[in-house]
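Numbering (mature numbering (1 follows the signal peptide of the UniProt record, and there is no 0)), first residue to last: -19 to -1, 1 to 253. Beta carbons are placed, not taken as given, at the ideal position from N, Cα and C, and that holds for glycine. Notes follow once the structure below has been shown.
Set out below in structure tokens:
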């Protein structure tokens, strides 16, 4: 399928209310007797499964089973195996969504799980075989700054030689990671972040599920972590259906869950 772009403006005021209310009823694309897909969501680094709360609530109101599962954030290969093991317990079709580093995880986890019928990348990485997530942030990413200014580095038990946990410092988290969130919200998320191992970013991808599974890509023009240009490049080679969100940040899934839910809904409607 050819890639195309749908430009979505941020929902505010009455628009936001309309978008939210539109998701309280079952999506109109399902025919009677069709099995509804389960929506499985995988979070990224410096976050947790609660990142998906807005999307999960809307989709549950629409009648879907939703699981936002924990991503270990240890190593791409083992993280993907952990997610794949969960996916194999799900009966029926699956729509699999990943945010940020979670995109790399779903790219690998879905490769040998026939139940996955659609992939949704939300401000995410979608590596080719052999690529590391670290290579995909893009020119001009805030992550290109001096690591000492970005991270608090902490050892952890059982780490591979040379690996450490990384915590984003408060300033880059607030200014770049969640730049469109109210400061109080961004600081709260910074304080509650989960660390990610350096191994997670440096492990080469062993699969590229987007080569065989239809995909959707949600790109925020305000993303300072994985640049829009890098995401557009990955979406293009995956032949993804692309939605470009004007504004937002790397955490648009938290600030504008209605817009992200709409894209997940499009993926749901593709499952037959």
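Using beta-carbon positions only, say whether residue i and residue j come within less than 8 Å of one another.
{"i": "residue 181", "j": "residue 26", "result": "yes"}
{"i": "residue 188", "j": "residue 87", "result": "no"}
{"i": "residue 184", "j": "residue 56", "result": "yes"}
{"i": "residue 59", "j": "residue 117", "result": "no"}
{"i": "residue 139", "j": "residue 231", "result": "no"}
{"i": "residue 69", "j": "residue 94", "result": "yes"}
In whole angstroms, what is the alpha-carbon distance linking residue i and residue j?
{"i": "residue 171", "j": "residue 154", "result": "6 Å"}
{"i": "residue 54", "j": "residue 178", "result": "6 Å"}
{"i": "residue 149", "j": "residue 132", "result": "5 Å"}
{"i": "residue 84", "j": "residue 167", "result": "22 Å"}
{"i": "residue 90", "j": "residue 62", "result": "6 Å"}
{"i": "residue 249", "j": "residue 243", "result": "10 Å"}
{"i": "residue 144", "j": "residue 134", "result": "10 Å"}
{"i": "residue 199", "j": "residue 52", "result": "20 Å"}
{"i": "residue 16", "j": "residue 82", "result": "30 Å"}
Take residue i and list the residues in its own chain whose beta-carbon comes closer than 6 Å to its own, dropping the five residues that flank it on each side.
{"i": "residue 201", "result": "104, 226, 229 and 233"}
{"i": "residue 157", "result": "123 and 205"}
{"i": "residue 215", "result": "107"}
{"i": "residue 22", "result": "33, 49 and 78"}
{"i": "residue 121", "result": "208"}
How should residue i be labelled, buried or exposed, when 16 other C-beta atoms within 10 angstroms of its C-beta is the threshold for buried?
{"i": "residue 241", "result": "buried"}
{"i": "residue 114", "result": "buried"}
{"i": "residue 224", "result": "buried"}
{"i": "residue 222", "result": "buried"}
{"i": "residue 176", "result": "buried"}
{"i": "residue 43", "result": "buried"}
{"i": "residue 31", "result": "exposed"}
Identify, in the order they occur along the chain, each residue of the same chain with its Cβ nearer than 7 Å to the Cβ of residue i, setting aside the five sequence neighbours on each side.
{"i": "residue 66", "result": "none"}
{"i": "residue 18", "result": "73, 74, 75, 76, 98, 249 and 252"}
If I'm right that residue i touches residue j with Cβ under 8 Å, what's the distance once you round it to whole angstroms?
{"i": "residue 99", "j": "residue 194", "result": "7 Å"}
{"i": "residue 92", "j": "residue 219", "result": "At roughly 13 Å, the Cβ-Cβ gap does not stay under 8 Å, so residue 92 and residue 219 are not in contact."}
{"i": "residue 161", "j": "residue 236", "result": "5 Å"}
Here's a check: name, in chain order, each residue in its chain whose Cβ is nearer than 8 Å to the Cβ of residue i, leaving out the five neighbours to either side.
{"i": "residue 245", "result": "20, 36, 40, 76, 78, 101 and 197"}
{"i": "residue 71", "result": "19, 21, 48 and 96"}
Quick one: does the C-beta of residue i sit closer than 7 Å to a heavy atom of the ligand SAM?
{"i": "residue 186", "result": "Questions concerning the ligand SAM fall outside what the structure shown contains, since it holds no ligand whatsoever."}
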